[in-house]
Every structure is written in C-alpha cells, then in structure tokens.
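Structure first, commentary second.
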Amino acid sequence: TLAARVIHYGRYGGGSEDERFYPLFLGYPELIRGYDFNSFSAGECGPDPSQCPVFSQLIGSRLAIANVELRFPPFGALGGKGFYGPLPLDLLAFFDAGVAWTRAEKAKFLGGGGTRKFVKSVGAGARINLFGYAVVEIDYVHPLDRPQKNWIWQFNLSPGW
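So for the sequence shown, the numbering used here puts the first residue at 1; every next one is plus one.
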C-alpha cells in the first residue's frame, strides 16, 4: 500500500502569534520523524547555548507537512492466511518533509529568506495496529537536515493514518 498525506496547520489573524499561545512544533514523531525534541544535543546548536538554529526552524505558528509511506504486511506477502496473517503488522519505508514558519519569518517556498526551509527524513520501520485505536511504531530514521545526526531509532504511539 502506498500511503500519503499533506497537512497544513496554521494560526492566522491578528492574535495568531500572541505569546500566550504555545508555539507549534514540527518535530513530533507523528509529523516529521527524526526531529523529536529529546533527540537534540547541545553540540548541534553551535557555540551560543541560548540559540539553536537547527531546533528553532522546527517552531512556528504555521506548519506544512508531507509524508509518503510504502507499507506491506510481511505475513500476508509471504503467503500467510489472510491479508495480514496472524498479526496486524506492517513493514514500511518512508519519506517525511515539513516546514514551520511565522508571519515575520516566511518559509522559503513562500518567498521568504533565511532558515525556514523544508526539513526531511527517510527511513524504515514496523507498525502494529492496536485494534483500530492506536498504532505502535518503531522506526530507523535518518534526519537529512541534521548534519551531526546519522541514523537513529524512534518509538511512537499515535492515532495513526
């Protein structure tokens, strides 16, 4: 199965960037894999510990996200009974891309300059459907726009898509 989705989530209007709103974060594993908050180290941020451009580009008041996954049930593909075989398990290969921006710092694809470019990741993983309520997923991810990170393992429990 080829699964794809495109998401835009944004705050617009006069109060869209009010400091009382928590900023939107692009790096949640169910959005863009490989950029999770806890996976960043101080070494990725540069000499000034109060600023981290690699992380800051993941925060904004507007997000655009695209995900593509190639999924297949290994037991069904190997001749097991039924489509999924004994477990609702899918193996997958994926590509994720996304960008976060604000009213002041537009995304590059919208004509803005600076650091608001798409971040991307590729990888492979396995996912199990938990009775239609949630999906447990383990992925081996390569975040392409994090020069100091190579391949990392990532675990996720999400509603799925």
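Ideal Cβ positions, reconstructed from N, Cα and C, are used throughout, including at glycine.
A distance below 8 Å separates the beta carbons of Trp101 and Gly112. Taking a 10 Å sphere around the C-beta of Asp90, we find 16 or more other C-beta atoms and assign the residue as buried. Phe37 counts as exposed, since fewer than 16 other beta carbons sit within 10 angstroms of its beta carbon.
Taking one beta carbon from each stretch, the region 60-79 and the region 137-146 have fewer than 3 pairs nearer than 8 Å; the two do not touch.
Secondary-structure assignment with DSSP links Pro143 through a beta bridge to Ser121. Arg11 is positioned such that its CB atom lies closer than 8 Å to that of Arg62. By the 16-neighbour rule on beta-carbons within 10 angstroms, Ala107 is buried. As far as DSSP is concerned, Asn38 takes part in no beta bridge. When beta bridges are read from the DSSP output, Phe95 appears opposite Val68 and Val122. Residues Phe95 and His142 of the same chain have their beta carbon placed closer than 6 Å to that of Val122, with the five preceding and five following residues left out of the count.
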